[in-house]
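Reviewing the structure listed below.
Protein chains in written order, with my numbering: chain L, 1 to 438; chain W, 1 to 136.
Right, here's the structure in full:
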């Protein structure tokens, strides 16, 4: 007899394992704890922080009092002594005489209103003269409580961020579970699509309604070309990659320099640490490689001029010819210059707690190759050619974890310089014979 | 004795569909008691297979529920029809595959469910192969 509830389910490849019912129950318990903890925290903070301050500022009754004594209260703590101003006041209410130590409402708080720094408390005490009459506010519910100042601590609001975030996380997930538990994956997907249609804006990463699962590619068509219709954007800015290489090399070599100093000191004192020395040698080798890498990137970034690619149409259609314009500026001697059209599959998958990506090139076509030529400053190398994608090539595709991406890759082999490579994404729509439109 | 199952049939069995074509077919529930059926969902959807985590998107979705007053008779075949979208086309790549299917899910009492699925091809994209041709 089949069981309706299973503690464990069979493992299916690298997919999720375990009982769904048990997982949902665990999730409900976990996020209920979050929600209850957050609500309890809010109640406690509200009653201990907000209410006393609000009552002192609005409900306490104004009165007159005489200052009888003053000093700075001190309390030891793990981080050093804490202080608070303590002022003794005397006031009479309905023939009853009260003598209390006070300053603000936080004196009556369980923390006692202590905080670090003695000087500011002394400055407060300097404002009060013993024997002089001042204004005070007393608690109508407990006349033995009175304050000399009404304060508002704005930063109290920041303390509420923690319990509020707990409440939002707990309640949000519980609402999600309440709504989606027991619903099929198809029903959830249909609901998510309806919700997505209500989204007020259409970002670049979103797909279009006419061509689902194909990136909208707004950033690929918003730049007009000078020779052809569209100028293609570069996939990753070389300057960012160069900056990252420089920063990595500097940080790494900074740490190596520090270790080197420690190791050399050991030798100078006659107590060499051989293990550290071995580490320093290995790390220095790594540092030199990083410096070489950074230097090569700087050379490419500063020496090789911009590469411009323009296309006559975007998105591209398999089987339909289009024009490609290539321009390489700079002052270079190129041993080889090639432009390739590449189609790559990319898959993201969870491996334990990590998300990994794997890519695989499924089509690589050389569009243009030229060898041994000079590019002179002020006269860029320019070429225009006609290209056609394979008739039944797959279109661009993007979902949450899977992608099929097309791009032009420009690679230059320079005499006496490091090679450079620049990538220009393009959008490919289905072949018109495949999609039935004309 | 076999348990409950769902048989799916496409009207133009086995043909390659093109975007804009109308997909029609029918489903039959086998060995399902009418009293047992709570609800039924018919979906036309694509999903990914391969190295990456699975992605899925429903193109057509219809739900019938006895609680909502819908009449579900397992003895009679049900029909579905939908116009197929422009994309994504079926694709058999190396680490990314896109599959289209019709899926019928029947929810029975005591939290049981029966699922039937029928794959079909949208578009005529050949299997991915690495090509390295040169044109200059």
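We treat Cβ as the ideally placed atom computed from N, Cα and C, and that holds for glycine.
What is the DSSP secondary structure of residue 205 (chain L), counted as helix, strand or coil?
Confidence at residue 205 (chain L) is low in this model, with a pLDDT of 47, below 50, so its placement is unreliable and the value that follows should be read with caution. In this structure, residue 205 (chain L) counts as coil in the three-state DSSP scheme.
Roughly how many angstroms lie between the CA atoms of residue 140 (chain L) and residue 50 (chain L), to the nearest whole one?
18 Å
Can you find a CB in chain L that lies within less than 8 Å of the CB of residue 144 (chain W)?
Residue numbering for chain W in the displayed model covers 1 to 136; residue 144 (chain W) lies beyond these limits and cannot be assessed.
Excluding the 5 residues preceding and the 5 following residue 84 (chain L) in the sequence, name in chain order all residues of the same chain whose CB lies nearer than 6 Å to its CB.
73, 113, 114
Looking at chain W, is there any beta carbon in it that lies within less than 8 Å of the beta carbon of residue 410 (chain L)?
no
In its own chain, which residues sit with a C-beta less than 6 Å from the C-beta of residue 305 (chain L), not counting the 5 before and 5 after it?
329, 330
Residue 60 (chain W) lies in the beta strand (DSSP E); which residues open and close that run?
56-65
From residue 366 (chain L) to residue 184 (chain L), what distance separates their C-alpha atoms?
46 Å
Should residue 42 (chain W) and residue 62 (chain W) be called a contact, given that it needs their Cβ atoms to be closer than 8 Å?
yes
Determine whether the beta carbon atoms of residue 77 (chain W) and residue 32 (chain W) lie at a separation below 8 Å.
no
Using a Cβ cut-off of 8 Å (strictly closer), state whether residue 67 (chain W) contacts chain L.
no
Any idea what DSSP makes of residue 193 (chain L), helix, strand or coil?
helix
Could you check whether the Cβ of residue 302 (chain L) sits closer than 7 Å to any heavy atom belonging to the ligand SAM?
Among the components of this structure there are no ligands whatsoever, and the ligand SAM is therefore not found.
Determine, for residue 108 (chain W), whether the minimum Cβ-Cβ distance to residues of chain L falls below 8 Å.
no
By the 10 Å Cβ neighbour count, where 16 or more other Cβ atoms means buried, how is residue 107 (chain W) classified, buried or exposed?
buried
Give the straight-line distance between the Cα atoms of residue 29 (chain L) and residue 39 (chain W), rounded to the nearest whole angstrom.
29 Å
Is any beta-carbon of chain W found at less than 8 Å from that of residue 203 (chain L)?
Confidence at residue 203 (chain L) is low in this model, with a pLDDT of 48, below 50, so the placement of that residue should be treated as unreliable; the coordinate-derived value is given next. With 8 Å as the cut-off, residue 203 (chain L) does not count as an interface residue toward chain W.
Using a Cβ-Cβ distance under 8 Å, would residue 193 (chain L) count as near chain W?
yes
Please report the distance separating the alpha-carbon of residue 378 (chain L) from that of residue 332 (chain L).
12 Å
Within chain L, the residues that residue 83 (chain W) reaches when beta carbons sit closer than 8 Å:
By Cβ distance, chain L contributes nothing, its closest Cβ being about 10 Å from residue 83 (chain W), past 8 Å.
Can you give the Cα-Cα distance for residue 374 (chain L) and residue 386 (chain L), rounded to whole angstroms?
23 Å
Here's a check: name, in chain order, each residue in its chain whose Cβ is nearer than 6 Å to the Cβ of residue 419 (chain L), leaving out the five neighbours to either side.
413
Any beta carbon from chain W within less than 8 Å of residue 206 (chain L)'s own beta carbon?
Since pLDDT at residue 206 (chain L) reaches only 48, below the 50 mark, its modelled position is unreliable, and no value is offered.
Could you give the DSSP three-state label for residue 219 (chain L): helix, strand or coil?
helix
Which residues in chain W sit within 7 Å of residue 439 (chain L), going by Cβ to Cβ distance?
Nothing can be reported for residue 439 (chain L): it is not among the residues displayed for chain L, which extend from 1 to 438.
To which residues of the same chain is residue 206 (chain L) closer than 7 Å at the C-beta, ignoring the five residues directly before and after it?
Summary for residue 206 (chain L): the model assigns pLDDT 48, below 50, so the residue's position carries little reliability, and this model does not support an answer.
Which class does residue 139 (chain L) belong to by DSSP, given the choice of helix, strand or coil?
strand
Measuring only between beta-carbons, confirm whether residue 216 (chain L) sits less than 8 Å from chain W.
No, its Cβ sits nowhere closer than 8 Å to a Cβ of chain W.
Which runs of the beta strand (DSSP E) fall wholly inside the stretch 296-347 of chain L and span at least 3 residues, in chain order?
304-311, 321-330
Which residues in chain W sit within 7 Å of residue 400 (chain L), going by Cβ to Cβ distance?
55
Within 8 Å, strictly: CB atoms of residue 346 (chain L) and residue 400 (chain L):
no
Under 9 Å, CB to CB, which of the residues in the stretch 361-382 of chain L have a partner in chain W?
361, 362, 363, 364, 365, 366, 367, 368, 369, 370
Interface residues of chain W around residue 430 (chain L) at Cβ under 8 Å?
19, 86, 87, 89, 123
If you measure between the beta carbons of residue 290 (chain L) and residue 242 (chain L), is that distance less than 8 Å?
no
Taking only beta-carbon atoms, is residue 156 (chain L) less than 8 Å away from chain W?
no
Reduced DSSP category for residue 30 (chain L) - H, G, I as helix; E, B as strand; rest coil
helix
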